[in-house]
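The listed protein sequences correspond, in order, to chains Z and R.
Take the first sequence: its letter number 168 is residue 167 in numbering that gives the first Met the number 0, and every next letter is one higher.
Take the second sequence: its letter number 204 is residue 203 in numbering that gives the first Met the number 0, and every next letter is one higher.
2 protein chains.
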Amino acid sequence: MPNPGGSRRDRPAKPALSLQWIVAETIKIIRTEGLERATMRRVAQALDTGPASLYVYVANTAELHAAVLDELIGATEPEPGDWMARLQSVLGSYADVLFTYPGLARSALVLRPTGPHALRLYDQVLGLLLEGGIAVERAAWGVDLLLQHVTATAAEHSAPARADVDAPPDGAAQMDVLRGALRGADPVENPHVAAHAEALLAGTPAQRQAWAIRALVQGIATTPTQS
Amino acid sequence: MPNPGGSRRDRPAKPALSLQWIVAETIKIIRTEGLERATMRRVAQALDTGPASLYVYVANTAELHAAVLDELIGATEPEPGDWMARLQSVLGSYADVLFTYPGLARSALVLRPTGPHALRLYDQVLGLLLEGGIAVERAAWGVDLLLQHVTATAAEHSAPARADVDAPPDGAAQMDVLRGALRGADPVENPHVAAHAEALLAGTPAQRQAWAIRALVQGIATTPTQS
DNA sequence: ACCTGAACACCGTTCAAGT
DNA sequence: ACCTGAACACCGTTCAAGT
Chain Z
0 MPNPGGSRRD RPAKPALSLQ WIVAETIKII RTEGLERATM RRVAQALDTG PASLYVYVAN
60 TAELHAAVLD ELIGATEPEP GDWMARLQSV LGSYADVLFT YPGLARSALV LRPTGPHALR
120 LYDQVLGLLL EGGIAVERAA WGVDLLLQHV TATAAEHSAP ARADVDAPPD GAAQMDVLRG
180 ALRGADPVEN PHVAAHAEAL LAGTPAQRQA WAIRALVQGI ATTPTQS
Chain R
0 MPNPGGSRRD RPAKPALSLQ WIVAETIKII RTEGLERATM RRVAQALDTG PASLYVYVAN
60 TAELHAAVLD ELIGATEPEP GDWMARLQSV LGSYADVLFT YPGLARSALV LRPTGPHALR
120 LYDQVLGLLL EGGIAVERAA WGVDLLLQHV TATAAEHSAP ARADVDAPPD GAAQMDVLRG
180 ALRGADPVEN PHVAAHAEAL LAGTPAQRQA WAIRALVQGI ATTPTQS
């Protein structure tokens, strides 16, 4: 006599899987345990099923990560202001997403996000460059350059996948190593680095990021696509 | 009576391990089987030992990859010409290294190469920007921007680690997906992308790379570090 | 069509024990 | 000090079998 009376008390009626649910659960895991923990096996476990079940909805782990990233990109939005201020703010909010989930930036470089939210971001950035009066061929190539810069910067600040869970989630450690290497440069082997180590290390990340975007826009606006 | 006569025929007298030898063997594996095959276990096997032995010389897999990358950067060299031509050629030869061993570029973004050869590359790029008459604070920040661009571009063209060994080693596939997404953009949702899809996709990788470097240098040269 | 248990073929890293 | 076998704690993906 299975399931008498139309309800059973043993299980809370497991709903059917769906890509949306899988993505939502994966984001929860990334948020609480980090990207490296969001494995097919771990996600399947959270969904109370076996890893094989996920392959009905995604072809592989990369595709799952891509779906997650597009979902997160949905949160990016420009604040009001002139075109340059809006550009800085869309790129800034994209950077925030990538910095919040370090490791996803690494994926984003290779994944080339192409979901609906990513496309909207692409469209916003292109629109802002055109609004700034930049020639269309330059603006078109510039979009890639700007998004690549933000993505790469976030990826740099994310640490490689760690075995040790307790350690800080840094990438700041890598920065310290670089700092040490530049400060310790041999004036004979590396004269320029040795002479200008402090200039190389100057500025806060925010200052450097803002400068980089201004410099990129400046270069994009003034450099003809035909040499 | 072990080892009579001072020589034995059973084994070719296994030499002692060394970081140099480990790196050399790892490069061989990367060259023939790809980075994703160059695991601690696979490298140890090639060295006819167990994986634990490698941990005497490197702290983890990332450190092994970093040592390999620095070794490979040793091959970069500028060709003669004015400072801009030399800049394009050093960056080009660095790009060649990263494109030849796709996947190492992905590591390079996070690893922040700091070995002797990487430092030399850093020094060359900084020297060339200064030779071009660029203000030292801008040149110093610009080095990062230029190397980051090259590294990120190479990383983009490398595919994610694949289970399937027979498939093309592309990343070109990702580009095709992007192409399709841009061409198929909805004119209402993404008006700018839809209107300028061809401009977004225009140019060969080489043309875009050369333009990007000119644009970066232009932006670096003309953008004050203080807004 | 969707879902699953179990298996296949791997990983990085640690550790106690040897030389 | 250097090296090692064996183990610990995982992976992604596939496949035959079920519903």
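Just so you know, even glycine gets a beta-carbon here, dropped at the ideal spot from N, CA and C.
All figures in this text were calculated on a predicted structure; none of them were measured in a lab.
- Query: Who are the neighbours of residue 157 (chain Z) on chain R, taking C-beta pairs under 8 Å?
  - Reply: 109
- Message: Tell me the DSSP secondary structure of residue 223 (chain R) in three-state form.
- Response: The three-state reading of DSSP puts residue 223 (chain R) in coil, since its state is none of H, G, I, E or B.
- Message: Among R:133, R:225, R:208, whose alpha-carbon lies nearest the alpha-carbon of residue 90 (chain R)?
- Response: R:208
- Message: For residue 110 (chain R), which residues in the same chain have their Cβ closer than 8 Å to its Cβ, ignoring the five residues on either side in sequence?
- Response: 61, 64, 65, 68
- Helix, strand or coil: which one does DSSP assign to residue 109 (chain Z)? helix
- Query: Comparing the C-beta of residue 190 (chain R) with each C-beta of chain Z, is any distance below 8 Å?
  - Reply: yes
- Query: When we look at the beta-carbon of residue 151 (chain R) and count the other beta-carbons within 10 Å, is it buried (16 or more) or exposed?
  - Reply: buried
- Item | Whole-angstrom C-beta distance between residue 146 (chain Z) and residue 176 (chain Z), which should lie under 8 Å | The C-beta distance from residue 176 (chain Z) to residue 146 (chain Z) rounds to 27 Å, too long to fall under 8 Å, and the pair is not in contact.
- Message: Please identify, using Cβ separations under 7 Å, the residues of the stretch 113–131 of chain Z that lie next to chain R, in order along the chain.
- Response: Listed in sequence order: 113, 118, 119, 121, 122, 125, 126, 129.
- Task: Measuring only between beta-carbons, confirm whether residue 17 (chain Z) sits less than 8 Å from chain R.
- Result: no
- Message: What does the alpha-carbon distance come out to for the pair residue 194 (chain Z) and residue 47 (chain R)?
- Response: 45 Å
- Task: State yes or no: is the beta carbon of residue 52 (chain R) nearer than 8 Å to at least one beta carbon in chain Z?
- Result: no
- Item | For residue 115 (chain R), three-class secondary structure by DSSP | Note: residue 115 (chain R) maps to helix in three-state DSSP.
- Query: Does the Cβ of residue 121 (chain R) have 16 or more other Cβ atoms within 10 Å, making it buried, or fewer, making it exposed?
  - Reply: buried
- Task: Note down the Cα distance separating residue 153 (chain Z) from residue 106 (chain R), rounded to an integer number of angstroms.
- Result: 14 Å
- Tell me whether residue 184 (chain R) sits in a helix, a strand or coil according to DSSP, three-state version. coil
- Message: Tell me which residue opens and which closes the alpha helix (DSSP H) that residue 95 (chain R) is part of.
- Response: 82–99
- Query: So, is residue 49 (chain Z) buried or exposed, given that buried needs 16 or more other C-beta atoms within 10 angstroms?
  - Reply: Counting Cβ neighbours within 10 Å, residue 49 (chain Z) comes out exposed, since fewer than 16 surround it.
- Task: With DSSP as the reference, label residue 57 (chain Z) as helix, strand or coil.
- Result: coil
- Item | Segment contact, 8 Å Cβ cut-off, at least three pairs: the stretch 34–43 of chain R with the stretch 79–95 of chain R | no
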